[in-house]
Every structure is written in C-alpha cells, then in structure tokens.
Amino acid sequence: MQLLIDLVMLGGTARTRDLLQLGHSKYALAVAVRDGDLIRIRQGHYSVGRQDELGLSAYRIGGHLAGMSALIAHGVWVPRRVHPLEIAVPPHSRALRMPSDARRRLEPGAAIVHWDAERILRSAPFAESVAAALRRVAARLSAGELFAAFESALAKRLLSRSEAESLRALFARTVDPRFEQAGRLSGSGAESLLHFWLLGIGVGLIQQLSIPGVGDVDFVLGRWQIAEVDGAGYHSGPAEFERDRRRHAVASALGYRTLRFSARMVEEEFELVEAAILAALARGDHLSA
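Next up, the structure:
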C-alpha cells in the first residue's frame, strides 16, 4: 500500500497536508484509519498503526518523549518503579492534549512537561536522544541507578563515542568518580548496580572473567570469590539447570567460592546482598582457595 510506504518514508508519522501533497486523498486516509493501517494521533496528524504507544502518547500531547520516558522508549534500563509520562515541548507550545485522547486538553498531572525542546521529534521512537535523557534524569536517580542506566546505554551502543566520553566525564565529576570505570560488560541493570557497589569497597575486581570449565562469570572478587546475578528467566529447562550445577561443581573443584543473587534481590533487597558479600570478604573467602 503506497500510503503506508510513504508514511514510513516520512518517519512513521506525518501531517495531513504532507500526505495530500504526495497524492493521497482524505478518503484514502479515512479508509486506512478504519482498517487499522493508520492511527489518527491528533487533528491533522497520522501514524502507521504499529508505532509504540508510549511515543504516540507524547505525540498526541504535542511533544516528544523526554527523561525517563525517553530512556524506556530507547530500551535503556530504568529502576523498577512507576515513572509518569514525561515529554518535552517547545517553549511557546499551546493546546496540549491528553496522552490517550487528542480531543481533550491536557489535564494537570497527566504528564511531566518540559518546555525546552528546540523542535518536536516526529519520527519513532518520538524521543530525545539517550544522552539528553541521561542528563535530564541525573539529579533524580541515585548514583548507582544512574550508573546502571549509563552502562545499559553503553552496552546497547546507544551513545556515540563523544557522547559517552562527555557523559562519563560529567558524571565522574558531578556524581561519583566510579563513572570513570563504567563499561559495556554488565549484562543487566542489576549487574550494573552490583558493579557500582563493588567498585567502592576496595577489593580487587574482575568482571566477566572466563574460567576454564566454568565459562564466563559476572565478577571475581580478589582471587577466589565469584559473585553472579541471575535474571528471572535464567533457567529455561532441566538441561540448563544441570549445566548450571556442573559449573558450580567445577568452580568449587578449582578452588572458587560462589555467591549467587537474583536480579530482584539486587534491586529490592540490596542490604542482604551487601551483608553476604561483606561476610565472605571478612572470612577471607576471596584470598585463599
């Protein structure tokens, strides 16, 4: 369908007048909306029917995603808590609409609005850059949470080299010197949170060490203490369960001690994670086999 092709070429959203100039009729637009191929986001604005709803909500209001909402749209790790819809609009914007209904004026509390956008970004994911979003949320996150979001952006290669180094220098200077050691090796936000804490306890640390017969482990503290973080879907079947137990046995035979934590524990019960690691270090588990 040429209408959909043209809309995609325009970035996934377009104004009615742009589509009419390409030779499409108002009737064709109405039929495409009726069939679900197009979405009428707000008066005079259309989108292909498979766009992300978060971005469309910002578009309906009259802006684009910013801050935490932008990080979510880009797939960057964010803390597990409720984050209100957050958008940016140009300073002189008016007639902002509700995120779920472009016919209604924006009500107080329906979204966090920043009045500092130079222009509205009209192509998916309808969001400010990851670098801009990280700068915007820096004061609202704990140092560890910001570190985890930064490492997530690095791991997903969502920052240019200049953006990454600029943010690294900024956050190391204004938030915590540990940002100098942020990297791409953490496999999850929870792993990054643990990485940030481990960098501050003054123990030798190797991340993603490959041990013969065991494979890659998340962290090795000192010489002999392994620490790993598992997501909820870590074991997908009996074969994986057996392979995991074999890893533990081989690691033990080689002299390593292993501490395992779930991502939920790291994110919601960090006091327990901290106590377990500090107890192991106090025993000297990291120093001798």
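Counting in full-length UniProt numbering, the sequence shown runs without a single skipped number right up to 289 at its last residue. Cβ coordinates follow ideal geometry from the N, Cα and C atoms, glycine included. The structure displayed is predicted, hence computed values, not measured ones.
What are the boundary residues of the beta strand (DSSP E) that residue i is part of?
i, result
"A127", "It is not in any beta strand (DSSP E) - A127 carries neither H nor E in the DSSP assignment."
"F179", "F179 -> no beta strand (DSSP E), and no H or E assigned at all."
"S262", "R257 to S262"
"R15", "T13 to R15"
Over what stretch of residues does the alpha helix (DSSP H) that includes residue i continue unbroken?
i, result
"P40", "Per the sequence presented here, residue 40 reads as Arg, with Pro not at that position. Not the alpha helix (DSSP H): R40 falls in the beta strand (DSSP E), residues L38 to R42."
"E274", "F270 to R283"
"G215", "No alpha helix (DSSP H) contains G215, which is instead part of the beta strand (DSSP E) from G215 to L221."
"R243", "P238 to A253"
"S160", "Unbroken run through S160: none, as it is neither H nor E."
On the three-state DSSP scale, how would you describe residue i?
i, result
"S210", "strand"
"H24", "coil"
"E146", "Rather than Glu, the amino acid found at residue 146 in this sequence is Leu. In the structure shown, L146 sits in a helix (DSSP, three-state: H, G or I)."
"D230", "strand"
"L134", "helix"
"S188", "coil"
"S288", "coil"
"L205", "strand"
Please go through the same chain and pick out, in chain order, the residues whose beta-carbon is closer than 6 Å to the beta-carbon of residue i, but skip the five residues on each side of it.
i, result
"V82", "none"
"Y59", "I41 and F126"
"V273", "F261, M265 and V266"
"P91", "W115"
"G213", "V250"
"R247", "V214"
Please name the residue, chosen from the options, that lies closest to residue i on a Cα-to-Cα basis.
i, options, result
"W115", "E145, S142 and G67", "G67"
"A263", "V33, S93, P108 and H195", "H195"
"L146", "D176, E274, L198 and D6", "D176"
"G284", "E267, Q225, A111 and G237", "Q225"
"P79", "D37, P108, A149 and E53", "A149"
"I39", "H64, T13, I61 and S25", "T13"
"L254", "R223, E269, V31 and A276", "R223"
"A102", "I61, Y27, R173 and S252", "I61"
"A73", "V89, S93, G63 and D52", "D52"
"R119", "A95, R135 and V89", "V89"
"L65", "E86, V76, S47 and W77", "E86"
"L198", "G215, L185 and R178", "R178"
"A275", "I201, S162 and D244", "I201"
"G144", "Q181, L221 and R243", "Q181"
"S100", "L56, A117, Y256 and L141", "L56"
"E268", "G183, L193, F171 and Q2", "L193"
"V76", "G63, L134 and Q21", "L134"
Could you name the residues of the same chain whose beta carbon sits closer than 8 Å to that of residue i, not counting the 5 residues immediately before and after it, in chain order?
i, result
"A249", "none"
"L159", "V130, A131, A153 and L167"
"G44", "R15, T16 and R17"
"S288", "R223 and W224"
"V33", "I39, R40 and Y46"
Between residue i and the ligand SAM, is the CB less than 7 Å from at least one heavy atom?
i, result
"Y256", "The ligand SAM is not part of this structure, which contains no ligands at all."
Who are the Cβ neighbours of residue i in its own chain at under 7 Å, not counting the five residues just before and after it?
i, result
"P84", "A111 and I112"
"V217", "L209, I211, I226 and E228"
"L106", "I61, L96, R97 and M98"
"G231", "S188 and A263"
"E163", "A131"
"A28", "L3"
Does the beta carbon of residue i sit closer than 8 Å to a beta carbon anywhere in chain D?
i, result
"L3", "Absent here is chain D; the protein component of the structure consists of one chain."
Runs of alpha helix (DSSP H) wholly within the segment 60-124 (minimum 4 residues, chain order): 67-74
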